Amino acid sequence: MFALSLSPSTAAKSLLNKKADVKKRKSSSTVQYMPQSNSAKNSIVTSPKGNVPSPALEPQTTVIHNPVDGIKESSDSSNTTIEDEDVKGKSLDSGSVKALSEVSQSSLGSAPAIFSRKQEIIKITEQLIEAINNGDFDAYAKICDPGLTSFEPEALGNLVEGMDFHRFYFENLLSKNSKPIHTTILNPHVHLIGEDAACIAYIRLTQFVDGQGRPRSSQSEETRVWHRRDSKWQNVHFHCSGAPAAPLQ
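Using full-length UniProt numbering, the letters of the sequence shown map in sequence onto residues 1 to 249.
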């Protein structure tokens with residue numbers, strides 16, 4: 001093998017050309033690094049525009065209500081849904097879906113109006129429970145439909161209809177109570193069904209004094225269906241699970 005000999009000037013020029021070539025290749029790529037995190041130590045961003053902000057989450061409605069102090073915490077949710085019956089068995093294109101969405105939103109109203117209507121249902125539910133706590137059957141009967149149907153622990157799993165079943169507890173128990181009763185409606189969720197119907201589900205926490213003078217608490221899970229007739233809301237169905245609705249025994 002023969003060694004290739006270069007003059008000092010030729011070797012210097014060759015070395016300078018190689019350095020220039022390396023410098024050009026290094027400056028032709030751009031790499032940006034995100035700060036290290038627990039999930040990724042070397043996160044590489046290839047776009048100089050930065051991260052695209054994630055869409056904001058829609059708030060959920062959570063209301064903790066106390067009949068004495070009023071609304072403790074409230075956040076609005078403008079969820080509107082299309083019932084399954086409206087779209088069952090139909091093939092809809094994007095234009096039809098958009099049209100249905102616009103009709104649904106126009107019929108239910110804006111978010112503030114929806115929030116106001118939900119608060120109206122919570123308020124009438126509070127009035128009904130206040131009538132129960134006070135043993136005021138007349139006030140209770142005005143808020144309820146005469147044909148009120150209900151499932152509740154006192155009925156032992158049976159569906160009862162009408163007001164006579166409830167009148168018994170008012171006349172023989174609730175109206176005779178002179179001890180304080182405090183009720184808290186926890187996390188009510190209101191479903192608006194058109195303009196004149198609504199359903200509310202909530203946890204009812206009741207504090208009372210028993211026959212021995214001891215303070216006690218009871219909890220029940222309740223659902224009420226409301227129907228508006230002649231601009232007046234009436235309770236048409238009631239379902240209670242858990243402790244009896246009249247826990248003063």
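A virtual CB, placed ideally from N, CA and C, is assigned to each residue, including glycine.
From a predicted model like this one, the values you see are computed outputs, not experimental measurements.
Along the length of the segment 132-183, whole beta strand (DSSP E) runs at least 3 residues long occupy 144-151, 159-161, reported in chain order. In this structure, the CA atom of F208 is about 17 Å from the CA atom of L186. According to the DSSP assignment, R224 belongs to the beta strand (DSSP E) that extends over 215-229. When C-beta atoms of the segment 117-136 are compared with those of the segment 170-185, three or more pairs fall below 8 Å, so the two segments count as touching. For A201, the enclosing beta strand (DSSP E) starts and ends at 197-209. The alpha-carbon separation between S178 and I124 amounts to approximately 24 Å. The beta carbons of P188 and A201 sit closer together than 9 Å. Around T223, the same chain offers A201, H239 as residues with beta carbons nearer than 6 Å, after the five sequence neighbours per side are excluded. When secondary structure is reduced to three states using DSSP, S241 falls in the strand class. Between I121 and V190 the beta-carbon gap is near 5 Å, inside 8 Å, which marks them as a contact. In the three-state scheme derived from DSSP, where H, G and I count as helix and E and B as strand, I193 is classed as coil.
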